[in-house]
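Here's the structure, in structure tokens; my notes come after.
Number of protein chains: 2
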Amino acid sequence: MIQSIQTIPGGTVTSPQGFLAGATSASIKPGTQRLDLAMLFSTAPCIAAGVFTRNRVAAAPVLLCREHLSEGKARAVVANSGFANACTGPEGLEDARETASLAAAKLGVPKTQVLVMSTGVIGVPLPMERIREGIKRLSLSPSGGNELAQAIITTDTRTKEIGLDFELGQTRATMGGVAKGAGMIHPDMATMLSIITTDARVDPAYLPQALVQAVSLSFNMISIDGDTSTNDTVLLLANGLAGNSPIEESSPHRQVFQEALNRACLYLAKEVARDGEGANCLIEVCVEGAASAEEARAAARTIVASPLVKCAVHGADPNWGRVLAALGRSGAQVDEGRLEVFVGDICVSTGGRPQPFDQDRARGLLQRPEVLLRVCLGLGDGEARAWGCDLTEEYVKINSAYTT
Amino acid sequence: MIQSIQTIPGGTVTSPQGFLAGATSASIKPGTQRLDLAMLFSTAPCIAAGVFTRNRVAAAPVLLCREHLSEGKARAVVANSGFANACTGPEGLEDARETASLAAAKLGVPKTQVLVMSTGVIGVPLPMERIREGIKRLSLSPSGGNELAQAIITTDTRTKEIGLDFELGQTRATMGGVAKGAGMIHPDMATMLSIITTDARVDPAYLPQALVQAVSLSFNMISIDGDTSTNDTVLLLANGLAGNSPIEESSPHRQVFQEALNRACLYLAKEVARDGEGANCLIEVCVEGAASAEEARAAARTIVASPLVKCAVHGADPNWGRVLAALGRSGAQVDEGRLEVFVGDICVSTGGRPQPFDQDRARGLLQRPEVLLRVCLGLGDGEARAWGCDLTEEYVKINSAYTT
Chain G
3 MIQSIQTIPG GTVTSPQGFL AGATSASIKP GTQRLDLAML FSTAPCIAAG
53 VFTRNRVAAA PVLLCREHLS EGKARAVVAN SGFANACTGP EGLEDARETA
103 SLAAAKLGVP KTQVLVMSTG VIGVPLPMER IREGIKRLSL SPSGGNELAQ
153 AIITTDTRTK EIGLDFELGQ TRATMGGVAK GAGMIHPDMA TMLSIITTDA
203 RVDPAYLPQA LVQAVSLSFN MISIDGDTST NDTVLLLANG LAGNSPIEES
253 SPHRQVFQEA LNRACLYLAK EVARDGEGAN CLIEVCVEGA ASAEEARAAA
303 RTIVASPLVK CAVHGADPNW GRVLAALGRS GAQVDEGRLE VFVGDICVST
353 GGRPQPFDQD RARGLLQRPE VLLRVCLGLG DGEARAWGCD LTEEYVKINS
403 AYTT
Chain X
3 MIQSIQTIPG GTVTSPQGFL AGATSASIKP GTQRLDLAML FSTAPCIAAG
53 VFTRNRVAAA PVLLCREHLS EGKARAVVAN SGFANACTGP EGLEDARETA
103 SLAAAKLGVP KTQVLVMSTG VIGVPLPMER IREGIKRLSL SPSGGNELAQ
153 AIITTDTRTK EIGLDFELGQ TRATMGGVAK GAGMIHPDMA TMLSIITTDA
203 RVDPAYLPQA LVQAVSLSFN MISIDGDTST NDTVLLLANG LAGNSPIEES
253 SPHRQVFQEA LNRACLYLAK EVARDGEGAN CLIEVCVEGA ASAEEARAAA
303 RTIVASPLVK CAVHGADPNW GRVLAALGRS GAQVDEGRLE VFVGDICVST
353 GGRPQPFDQD RARGLLQRPE VLLRVCLGLG DGEARAWGCD LTEEYVKINS
403 AYTT
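Here you go:
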């Protein structure tokens with residue numbers, strides 16, 4: 003725990019110096035009035051990195067971001083909700099390219115330094131006429147982060163935003179972030195849309211590593227439904243306006259920066275899991291004593307993604323057998339005689355056997371807004387945490403009628 | 003299609019010669035009156051094979067079956083519902099062993115030739131007093147197959163039974179089967195409880211191979227919820243009373259026997275999928291043109307298990323983008339430009355792009371009791387089919403309150 007990292011009340015993606023944002027209602031889904039088109043802009047050049055879906059059916063904006071990030075530089079991000087611009091063929095890629103070009107012309111920056119993100123229904127071409135008009139109308143301000151956060155959500159019930167500031171020696175720097183989640187979320191990839199900004203100066207060679215580390219502990223450890231999106235994207239933009247000496251692998255302040263980044267990603271990832279489609283609670287699964295860290299990760303992810311575990315939590319049912327069944331198919335080594343399972347602080351099973359416990363108290367713990375399930379394997383030092391949410395009737399309702 | 007294989011109306015696990023069965027209500031779950039303890043017995047010695055869960059947390063009856071099948075012989079099976087005798091420690095294995103011994107004493111057969119199956123709640127010791135009494139009370143008859151089928155179901159809404167007869171040269175032989183399914187079902191393993199019986203004479207070296215092939219095309223291609231049980235077991239018992247010359251790898255009649263076995267397993271597996279917890283329909287996913295058969299299997303299984311695809315079918319929503327998103331994370335090679343997606347006979351996407359189609363007709367096809375989704379990859383000869391069911395609010399309700 004690094005004490006100098008502090009949360010900024012009301013902090014968001016425009017909290018760091020030099021970042022502006024804005025959003026508009028472009029009626030991307032016909033008939034809707036909500037904010038659905040947003041832009042983020044840095045007044046100073048940024049170095050940038052991204053982590054993207056590993057789905058082999060990758061959306062056009064993902065393809066364009068990968069192309070534009072090949073030089074590791076960016077000035078702006080255009081994001082829309084409503085349609086995902088996925089499974090839209092070569093025309094979809096042209097649409098993404100045109101979106102970037104229009105934003106570049108408006109902002110006076112090279113088009114290859116504009117990144118694009120889309121989320122929403124797959125397989126519908128973007129309504130470019132309305133996007134062209136929307137981009138014209140967009141206006142930017144240093145307090146526009148919340149508007150951007152609103153514009154990118156879909157079935158989310160609330161925005162996900164964070165701001166942190168931290169000391170890099172004598173310099174104070176800031177980091178901001180937004181994310182959207184809700185459905186088609188699973189740890190097999192970067193997981194949804196998120197933008198992290200910072201005014202810290204960071205060495206371009208180090209930035210992508212820092213992002214990969216933070217994502218592996220956060221966005222890649224959440225699951226809402228086991229489905230992985232064609233559009234998952236996490237972007238990190240650093241404009242250097244804080245004026246610190248550049249952070250690189252060997253910097254004395256690397257650890258502070260990495261922890262701020264980890265903390266921002268973890269906060270946003272947990273907010274995404276907590277606000278999963280139809281969810282009533284956040285589930286945290288902690289696996290300890292696994293034979294390796296990799297096995298601990300596999301076990302934690304499998305347990306938190308199990309529909310039966312998620313239903314049991316929804317029903318406040320301390321049905322720990324489902325936790326062990328999920329553990330058993332995770333690929334992690336298991337010695338039943340050494341197992342311990344906890345609901346919150348209550349041990350419900352030891353040595354692979356039932357353990358008498360206070361059912362009412364366990365039910366009470368499962369009805370809290372944050373539920374902790376802990377499994378100790380007793381085999382080694384591997385530890386991991388994963389996050390998800392309960393599975394409710396509402397999830398099914400939302401997803402039975404999404405395009406209609 | 004082998005013409006000589008015919009379905010026996012009302013056929014079940016006691017249809018083949020020499021197989022008797024019976025069931026009783028042992029109140030294994032206190033207060034219940036339903037049939038919950040059953041026995042199958044062959045009047046003649048059988049060769050036997052089994053396919054079991056690959057979950058590392060395997061239930062006591064699975065451990066005992068593996069031990070007893072090491073010689074490939076069996077005379078009887080005892081099965082119970084209510085409690086799964088999983089995560090019950092060494093005492094659970096002793097309980098399974100005692101169950102087998104009591105049945106062996108009653109039937110006058112070696113205890114190592116009695117197999118045991120359990121299904122139900124994990125982590126609760128079997129009520130051995132009631133099981134001892136139940137075994138005493140059990141009576142067997144050549145028409146007892148349906149009682150056995152009733153006794154092994156849990157959240158199933160109906161029994162799954164089949165009988166087939168077929169010609170092995172001049173001899174007519176019979177095969178019967180039962181299964182139970184409903185929840186915790188996923189193709190990572192043998193999938194639930196099923197017993198297949200036959201009076202055909204089969205070479206002991208060939209029997210396990212035949213079962214593995216049939217299971218790989220049937221039980222291992224269904225998914226209800228992606229969760230894999232600690233108790234999944236498929237048993238095959240052959241008592242040879244038909245008197246045919248033994249079927250082995252090189253027999254002229256091997257193909258007839260294998261197809262009868264495939265057909266019995268496939269029928270039961272599809273019945274299990276169709277009757278998934280809360281399900282309204284059977285979903286069949288057909289993948290064609292994959293780079294390999296293995297990739298086709300992975301793609302079909304991933305698509306049929308996707309919660310978002312299952313919800314879309316439930317909502318009669320031809321949201322084919324979810325099919326492609328699932329395909330993209332399945333590990334199968336994909337060239338978006340060559341893809342075609344069909345709902346029933348309607349092409350809804352070609353070349354990774356939307357394709358105009360009759361929405362109302364597609365919705366109509368998605369409201370039928372059997373829904374076909376077909377994906378053509380255009381890359382090779384790999385083909386596979388997988389089966390599942392829609393995801394409904396009812397699934398969540400059932401699984402939020404299972405132990406309570």
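So the sequences go chain by chain: G and X.
What the first sequence shows, in the working numbering, is residues 3 to 406, in sequence order.
What the second sequence shows, in the working numbering, is residues 3 to 406, in sequence order.
Every residue, glycine too, gets a C-beta built ideally from N, C-alpha and C.
Fair warning: this is a prediction, and the values are worked out from it, not measured in the lab.
According to DSSP, residue i sits in a beta bridge with which residue or residues?
{"i": "residue 288 of chain X", "result": "X:376, X:387"}
{"i": "residue 49 of chain X", "result": "X:75, X:240"}
{"i": "residue 25 of chain X", "result": "X:40"}
{"i": "residue 198 of chain G", "result": "G:179, G:238"}
{"i": "residue 342 of chain X", "result": "X:352, X:378"}
{"i": "residue 167 of chain X", "result": "X:8, X:176"}
Spatial neighbours of residue i within its chain, please: CB distance less than 6 Å, with the 5 preceding and 5 following residues excluded, ordered by chain position.
{"i": "residue 376 of chain X", "result": "288, 344"}
{"i": "residue 310 of chain X", "result": "324"}
{"i": "residue 81 of chain G", "result": "40, 119, 154"}
{"i": "residue 200 of chain X", "result": "18, 177, 240"}
{"i": "residue 159 of chain G", "result": "277"}
{"i": "residue 370 of chain G", "result": "none"}
{"i": "residue 204 of chain X", "result": "240, 249"}
{"i": "residue 416 of chain G", "result": "The structure shown has nothing for residue 416 of chain G, since chain G only spans 3 to 406."}
{"i": "residue 242 of chain G", "result": "203"}
Is it buried or exposed for residue i, if we count other Cβ within 10 angstroms and need 16 for buried?
{"i": "residue 141 of chain G", "result": "exposed"}
{"i": "residue 138 of chain G", "result": "exposed"}
{"i": "residue 334 of chain G", "result": "buried"}
{"i": "residue 110 of chain G", "result": "exposed"}
{"i": "residue 299 of chain X", "result": "buried"}
{"i": "residue 4 of chain G", "result": "exposed"}
{"i": "residue 131 of chain G", "result": "exposed"}
{"i": "residue 9 of chain X", "result": "exposed"}
{"i": "residue 189 of chain G", "result": "Reliability fails at residue 189 of chain G, whose pLDDT of 34 lies under 50, so the model's placement of it is uncertain and no value is given."}
{"i": "residue 14 of chain X", "result": "buried"}
{"i": "residue 11 of chain G", "result": "exposed"}
{"i": "residue 331 of chain G", "result": "buried"}
{"i": "residue 165 of chain X", "result": "buried"}
{"i": "residue 191 of chain X", "result": "Unreliable positioning characterises residue 191 of chain X in this predicted model, as indicated by a pLDDT of 31, which lies under 50. A coordinate reading is not provided."}
{"i": "residue 38 of chain X", "result": "buried"}
{"i": "residue 387 of chain X", "result": "buried"}
{"i": "residue 1 of chain X", "result": "The displayed coordinates of chain X run from 3 to 406. Any statement about residue 1 of chain X would go beyond what the structure contains."}
{"i": "residue 319 of chain X", "result": "buried"}
Please go through the same chain and pick out, in chain order, the residues whose beta-carbon is closer than 8 Å to the beta-carbon of residue i, but skip the five residues on each side of it.
{"i": "residue 237 of chain G", "result": "50, 51, 52, 67, 76, 79, 117, 119, 196, 197, 198"}
{"i": "residue 400 of chain X", "result": "157, 185, 279, 280"}
{"i": "residue 357 of chain G", "result": "349, 350, 351"}
So, using beta-carbon positions, are residue i and residue j closer together than 8 Å?
{"i": "residue 291 of chain G", "j": "residue 381 of chain G", "result": "yes"}
{"i": "residue 263 of chain G", "j": "residue 276 of chain G", "result": "no"}
{"i": "residue 182 of chain G", "j": "residue 154 of chain G", "result": "yes"}
{"i": "residue 372 of chain X", "j": "residue 286 of chain X", "result": "yes"}
{"i": "residue 175 of chain G", "j": "residue 216 of chain G", "result": "no"}
{"i": "residue 24 of chain G", "j": "residue 84 of chain G", "result": "no"}
{"i": "residue 149 of chain G", "j": "residue 28 of chain G", "result": "no"}
{"i": "residue 178 of chain G", "j": "residue 54 of chain G", "result": "no"}
{"i": "residue 323 of chain G", "j": "residue 91 of chain X", "result": "no"}
{"i": "residue 7 of chain X", "j": "residue 221 of chain X", "result": "no"}
{"i": "residue 88 of chain X", "j": "residue 124 of chain X", "result": "yes"}
{"i": "residue 219 of chain X", "j": "residue 268 of chain X", "result": "yes"}
{"i": "residue 341 of chain X", "j": "residue 374 of chain X", "result": "no"}
Within its chain, find whatever has a CB closer than 7 Å to the CB of residue i; leave out the 5 residues flanking it on each side and keep chain order.
{"i": "residue 316 of chain G", "result": "282, 392, 393, 394"}
{"i": "residue 64 of chain X", "result": "54, 55, 233, 235"}
{"i": "residue 313 of chain X", "result": "393"}
{"i": "residue 214 of chain G", "result": "53"}
{"i": "residue 406 of chain G", "result": "With a pLDDT of only 42 at residue 406 of chain G, under 50, the local geometry of the prediction cannot be trusted, and the value read off the model is given with reservation. Cβ within range, chain order: n/a, list empty."}
{"i": "residue 339 of chain G", "result": "353, 354"}
Is residue i near the ligand GTP, with its Cβ less than 7 Å from a heavy atom?
{"i": "residue 265 of chain X", "result": "Ligands in the displayed structure: none, and consequently the ligand GTP is not present."}
Inset, instruction - Would you check if there are 3 or more beta carbon pairs closer than 8 Å linking the stretch 339–355 of chain G to the stretch 233–253 of chain X? - result: no
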